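Asker: Sharing a structure, written as structure tokens. Questions coming.
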Amino acid sequence: MTRLVLLALCVFLPLASLNAETLSLDSCRARALRNNKQLSMAKVKKDIATNTRKSARTKYLPHIDVAGGYMYSSRSIALLNEEQQAMLPNMGTAVAQDIRNFIGSNISSADIAAGKQIATNILQRMTMQGLISPAEAQALQAMGQKLGGLSGIGDALAKRIDAAGQSIADAFNTNTHHMFMASAMLTQPLYMGGAITAANNMADIGEKITETGIEKAEQEIIYNTDNTYWLVVSLKQKQRLATNYLELVEKLNIDVHKMIDEGVATRADGLKVDVAVNEAEMTLTKVDNGLSLAKMYLCQLCGMDLESDITLADEDVMPEMTCAELAAEPGKDFSSRPELSMLSSTIDLAKEKTKLAKAGYLPQIALTGGAVFSNPSIYNGFERKFKGALTVGVLLRVPVLDWGETAYKIRASKNSTRLAELTYNEAEEMISLQVSQCSFKLKEAHKHLATALGNIKSAEENLRCADLGFKEGVISTTDVMAAQTAWMKAQTEKIDAEIDVKTAEVAMKKATGKL
């Protein structure tokens, strides 16, 4: 049965190690950049700013708007009042009545009879002289009788005038109970007081800010990923160290209990070693738990499943580091820091807002053109057809009185610019202080590493001498345990110092904007 278990372990352990994914620092960075939610949000903001910039560019171009509508009115539009509408259809009758009244008051029936006799005499003379024939004279006389004299002429004239008046009244009837309208208008800005230019500049600056935001998010991701990566590396090495320390203490425990059995050591010595074994086991448990949590956090940063079995490329062997790797003194140029770049863009944005506010003082000119259609048509006596006309014009807007609104906006914008400048200056000072702190921490980390490397040699030699002395019986159990503890502490400090150097270097690159 034992052989089967060993055989199974020999088969499946290599397969398990093959399934474990090995990640380098660069691959962790790439995964984190590819899967980070905050970076994805920053890229979405960049897309929003890009589309906003493209939208601002369209303000330079002509815009065409099409509109249409329908309206029902319970009453039509009246171009004539009610008296005029009643008068026009009866205008001929009124004129005829006036003629009759005039004839009745100025011409008597005797005058009319005398007039008829005169006309008859004239026709007889014209016949006797041969100017007209008797038949023509009779025809003319019959025609006069048929017309009925002046009275017949007046009645015919009245009917004609009444008909003409009715047609005029009908023509002025708009019939606008149902009205339809359609229009297409083109507007081309010619001069907007610099408002369009300022808006476009603001859109450009906004896009630049979002680009810098992406860079800032990437630096934060790389910074967190690097720190977590080296934390996992340090915990892995501490796990290996805790395992070695536990083996040392267990070996000492076995030796002490053998000595107790032989009567060379006391039971108190055994109890001390038992306590040391328990403490070593507890230390190993804490390291195991910390390593598991750190790997889970690294998997979360890389967008992997939290339970993924990963192995880091630097777990087994840390890159060799010496004090010669100490970085040079940082300069005073921090313009590559994304925070300062964003604040600088904020200052430019505030200045453009001031220009936009100043545009409120200036005139605005725009060219317009289009076509307007309506039904009823107003171009042919309110005809019930869609008809329209082309229009071209120039719009001029000149601000005259706004009760100081523009002035207040300009003052507020100038104060915003001043506030952005003060914020930039303060951030620059804080970044300079941060760089100095990172420089001190990096120097301190290198000194700590140098000290830890020196202590390692002393601790190893001390442990070697303690082991030899214990075997020879000249060194007590307490001294051996003290030597093992000192060795464990020296190894731990070396690991911490190496990781401190790595994290300090990352912090320095981030502080100077070179990460």
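Per this note's numbering, the very first residue in the sequence shown carries number 239; after that it's consecutive.
Ideal Cβ placement from N, Cα and C applies to all residues, glycine included.
These numbers were taken from a predicted model, which means no experiment stands behind them.
#1: Of all the options 519, 429 and 636, which has the alpha carbon lying nearest to the alpha carbon of residue 477?
#2: Determine the burial state of residue 743: buried for a count of at least 16 other Cβ atoms within 10 Å of its Cβ, exposed for fewer.
#3: Applying the criterion that 16 or more other CB atoms from any shown protein chain within 10 Å of the CB defines a buried residue, is residue 460 buried or exposed?
#4: At what residue ranges does the stretch 495–579 contain a whole run of the alpha helix (DSSP H), taking only runs of 4 or more?
#5: Quick one: any contact between the stretch 539–553 and the stretch 261–273, if contact means 3 or more CB pairs under 8 angstroms?
#6: Can you tell me which residues form a DSSP beta bridge with residue 465?
#7: If residue 425 sits next to residue 627, beta carbons under 8 angstroms apart, how far is it from one beta carbon to the other, in whole angstroms?
#8: Exposed or buried, which one is residue 289 when buried takes at least 16 other CB atoms within 10 Å?
#9: Looking at the strands, I want to know which residues DSSP matches up with residue 601.
#10: Do residue 598 and the ligand ATP come close, with the Cβ less than 7 angstroms from some heavy atom?
#11: To the nearest angstrom, report how far apart residue 589 and residue 655 are at their CA atoms.
#12: Quick one: is residue 706 buried, meaning 16 or more other Cβ sit within 10 Å of its Cβ, or exposed?
#13: Going by DSSP, what residue range makes up the alpha helix (DSSP H) through residue 617?
#14: Measuring CB to CB, does residue 734 end up less than 8 angstroms from residue 574?
#15: How many Å lie between residue 527 and residue 436 at the Cα?
#16: Could you check what DSSP says for residue 622 in three-state terms: helix, strand or coil?
#17: Leaving aside the five residues before and after residue 467 along the sequence, list all residues of the same chain whose C-beta is less than 6 angstroms from its C-beta, in chain order.
#18: Along the alpha helix (DSSP H) that carries residue 280, what are the first and last residues, could you check?
#19: Can you give the Cα-Cα distance for residue 496 and residue 513, rounded to whole angstroms?
#20: Give the DSSP-derived three-state secondary structure of residue 434 in the structure shown.
#21: Just how far apart, CA to CA, sit residue 739 and residue 463?
#22: Helix, strand or coil for residue 386? Go by DSSP, reduced to three states.
#23: Relative to the C-alpha of residue 681, which residue among 702, 649, 712 and 741 is closest?
#24: Please say whether residue 409 and residue 327 have beta carbons closer to each other than 8 angstroms?
#25: For residue 641, does the count of other Cβ atoms within 10 angstroms reach 16, so buried, or fall short, so exposed?
#26: Where does residue 738 sit, in a helix, a strand or coil, going by DSSP?
#27: Report the rounded CA-to-CA distance for residue 419 versus residue 306, giving the unit in angstroms.
#28: How is residue 302 classed by DSSP in three states: helix, strand or coil?
#29: Who are the near neighbours of residue 498 in its chain, counting only those whose CB is closer than 8 angstroms to its CB and skipping five residues on each side?
#30: So, is residue 475 buried or exposed, given that buried needs 16 or more other C-beta atoms within 10 angstroms?
#31: Span of the alpha helix (DSSP H) holding residue 684?
Answerer: Taking the structure as given:
#1: Checked all of 519, 429 and 636; the closest Cα to residue 477 is 519.
#2: buried
#3: buried
#4: Runs of the alpha helix (DSSP H) inside the stretch 495–579: 505–539.
#5: yes
#6: Paired residue(s): none; residue 465 is not in a bridge.
#7: So it is not a contact: roughly 18 angstroms between Cβ atoms.
#8: Counting of Cβ neighbours within 10 angstroms places residue 289 among the exposed residues, the total staying below 16.
#9: None, per the DSSP bridge assignment.
#10: In the structure on display, the ligand ATP does not appear, and there are no ligands present to speak of.
#11: 6 angstroms
#12: Exposed is the call here.
#13: That residue, residue 617, is in no alpha helix (DSSP H); it is neither H nor E in DSSP.
#14: no
#15: Rounded to the nearest whole angstrom, the C-alpha separation of residue 527 and residue 436 is 58 angstroms.
#16: coil
#17: 263 and 266
#18: Counting along the chain, the alpha helix (DSSP H) containing residue 280 begins and ends at 275–295.
#19: 17 angstroms
#20: helix
#21: 16 angstroms
#22: Residue placement at residue 386 is poorly supported in this model, since its pLDDT is 47, which falls under 50; the coordinates still yield a value, given next. The answer is coil: DSSP assigns residue 386 none of H, G, I, E or B.
#23: 741
#24: no
#25: exposed
#26: In this structure, residue 738 counts as helix in the three-state DSSP scheme.
#27: 5 angstroms
#28: Collapsing the DSSP output to three states places residue 302 in a strand.
#29: 504, 505, 507 and 508
#30: buried
#31: 643–710
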